[in-house]
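Okay, so the sequence shown: first residue is 370 according to our numbering, each after it adds one.
Before any comments, here is the structure.
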Amino acid sequence: MSFIPDPNTVFPNEYKTSCFLKNVITAPNIFVGDYTYYDDPVDPTAFERNNVLFNWPEFGDKLIIGKFCSIASGVQFIMGSANHRISSISTYPFNVFGGVWAENTPPHLSQLPFKGDIVIGNDV
């Protein structure tokens, strides 16, 4: 009798250091294919929190990871909202820090350069 892991389970093996990512992702702009796993000896289910940085879905970019990918502990994806305005007098994100700065600067996310989605193919 052959056994094929269920792509809808969180932990595909007894060690619980690897998880099938699509089953733990909650952000609406992150898409992960079947059988793609992340390995982390501490907490593989924390991939989204620890490894997808500056993810603000309202910015409009996406992280798309295909099927059958293997992602090692420590790999980080830096989303587009980590960019800084390049058309202002300064690249400093005054608006983010609130107060008088936020009142006197344009909205932060709408002013950032959009460089597109992060796309990882299948079997990477």
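Where is the CB? At the ideal position from N, CA and C, for every residue including glycine.
Could you compute how far the alpha carbon of residue i sits from the alpha carbon of residue j?
i: residue 483; j: residue 467; result: 23 Å
i: residue 411; j: residue 391; result: 19 Å
i: residue 404; j: residue 440; result: 11 Å
i: residue 442; j: residue 473; result: 41 Å
i: residue 459; j: residue 424; result: 23 Å
i: residue 463; j: residue 471; result: 7 Å
i: residue 487; j: residue 398; result: 11 Å
i: residue 383; j: residue 493; result: 24 Å
Grouping DSSP H, G and I as helix and E and B as strand, with all else coil, what is residue i?
i: residue 479; result: helix
i: residue 488; result: strand
i: residue 380; result: coil
i: residue 372; result: coil
Just to confirm my understanding: we take residue i, look at its own chain, exclude 5 residues before and 5 after, and list those with CB closer than 7 Å. What are they?
i: residue 444; result: 420
i: residue 469; result: none
Determine, using beta carbons only, whether residue i and residue j come nearer to each other than 9 Å.
i: residue 432; j: residue 400; result: yes
i: residue 489; j: residue 447; result: no
i: residue 491; j: residue 437; result: yes
Excluding the 5 residues preceding and the 5 following residue i in the sequence, name in chain order all residues of the same chain whose CB lies nearer than 6 Å to its CB.
i: residue 428; result: 449, 450, 478
i: residue 409; result: 442
i: residue 480; result: 454
Skipping 5 residues on each side, what residues in its chain have a beta carbon closer than 8 Å to that of residue i?
i: residue 379; result: 388, 389, 392, 393, 414
i: residue 395; result: 417
i: residue 455; result: 482
Quiz item: Which parts of the region 397-451 are runs of the alpha helix (DSSP H), unbroken and 4 residues or longer, counting only runs that do not cross its ends?
Solution: 416-420
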